[in-house]
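Under this note's numbering, the first residue of the sequence shown is numbered 2, with each subsequent residue one higher.
C-beta atoms are modelled at their ideal positions from N, C-alpha and C, and glycine is treated no differently.
Keep in mind that this is a model prediction, so the values were computed, not measured.
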Amino acid sequence: MIFPPRNRMAAVGGGIVAAGCSFALAVPSSSAPGPDPSRAIALGALERSAPAVSYTKPGPKDQEDAVAAKGRKKPVPTTAAKRYGWGRPIAADGFRTLDRRAWEVYTGPGNNGKGRRLARAVTVKGGVLRITGTRNGDTGGLAWMRGAQKEGRWEARVKVSRGCACYNANLLLWPVNGGGGTDPRGGGGEIDWMETFGDRGLREGTNFFLHYGPEDDHQRKDAHVRVDLRKWHVFAVEWNSRGVTGFMDGRKTFHTSDRAALPPGKMGQAVQLDWFPGLTKRTKAGVSRTAPVTLSVDWIAMYRP
2 MIFPPRNRMA AVGGGIVAAG CSFALAVPSS SAPGPDPSRA IALGALERSA PAVSYTKPGP
62 KDQEDAVAAK GRKKPVPTTA AKRYGWGRPI AADGFRTLDR RAWEVYTGPG NNGKGRRLAR
122 AVTVKGGVLR ITGTRNGDTG GLAWMRGAQK EGRWEARVKV SRGCACYNAN LLLWPVNGGG
182 GTDPRGGGGE IDWMETFGDR GLREGTNFFL HYGPEDDHQR KDAHVRVDLR KWHVFAVEWN
242 SRGVTGFMDG RKTFHTSDRA ALPPGKMGQA VQLDWFPGLT KRTKAGVSRT APVTLSVDWI
302 AMYRP
């Protein structure tokens, strides 16, 4: 997905160093817990931003959880971080406020020059980040400045309101030198670990897209998950030298071990609501094409590989 030119990611020399940065995390609004803010590791050196399908088969961990759930011994973890023991986050935000040291809000033309990205489309209230799109194509997005990394884990709790299929909610990793186009410059890859592109506005499912290969001939691996996105769900991605894995509510939904598909360099996190007016006609009958659409984020966290 497109990044505005002024929000291009560019690596900061010297890498990540320890610093006294604060990561405020609000209490999540349901029983699905977010990362503990008191255990977040201080992180500094902010980095400026700017069709094979592979599904995993149930493994031993799934069987253990199934037995536990059936016997009511313990609830199944609803975050990948807790279920797979990812440890302490190196950065986390629960959106008590919109920390401009941590987030760069987009301003300028929208995706592929259509619509506008406005700062006022991005708000924080009650511990929730909201990006709202309106009927004239005004949308918003923001890039997380808390350090890009090559390989890692990211997780967020989100929901999306029902509305025009022209609005595309997206949690994505974008290469630090990817530029501001619709495809990353130089073929740096792209990981869309929660994207509603192609739905009919019902918010009854989401996609995982892994883009890779040359800029002028990139390829894609993907998976689709049926879920009611109008309710809160936790999505995550794990990227390491062995592959890329996607999760929803602590369970695996996508995996590839194809090393040719792995991103070649550092990537940074972005949260976007894009406008694709050409998809308006896909909107399901009975779903408003003109009502505002909102992507809500309860919390987000980043972990080391």
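Secondary structure at N137: coil, using DSSP grouped into helix, strand and coil. The Cβ atoms of E191 and H212 sit closer than 8 Å to each other.
Burial state of N137 is exposed, judged by a 10 Å Cβ sphere holding fewer than 16 other Cβ atoms. Exclusion of the five residues before and after R231 leaves K160, V161, S162, R163, R204 as the residues of its chain whose Cβ lies within less than 8 Å of its Cβ. Around the CB of K282, fewer than 16 other CB atoms lie within 10 Å, so the residue is classed as exposed. At least 8 Å separates the beta-carbon of G202 from that of T140.
Scanning G134, D100, R118, K126 for the CA closest to the CA of M146 turns up D100. In this structure, M303 lies near P90, with their beta-carbon atoms less than 8 Å apart.
8 Å or more divides the Cβ of L296 from the Cβ of L263. Taken through DSSP and simplified to helix, strand or coil, K232 comes out as coil. By alpha-carbon distance to R154, the top candidate from G251, P110, G128 is G251.
If you check the CB distance, G189 and P215 do not come in under 8 Å. According to the DSSP assignment, K160 belongs to the beta strand (DSSP E) that extends over 153-161. Taking 8 Å as the cut-off, the beta carbon of A122 is found closer than this to the beta carbon of T133. DSSP places P278 within a helical segment (H, G or I) once states are collapsed to three. Annotated as proximal: W194 and V238, with beta-carbon spacing under 8 Å. If you look at K126, you'll find it in the beta strand (DSSP E) that goes 123-126. Classified as buried, G116 has 16 or more neighbouring CB atoms from the shown chains inside 10 Å of its CB. Across the structure, W233 and G111 are spaced so that their CA atoms are roughly 26 Å apart. DSSP places K222 in the uninterrupted beta strand (DSSP E) bounded by 220-227. For the set G244, T257, D299, M249, the Cα lying nearest the Cα of D229 is the one of M249.
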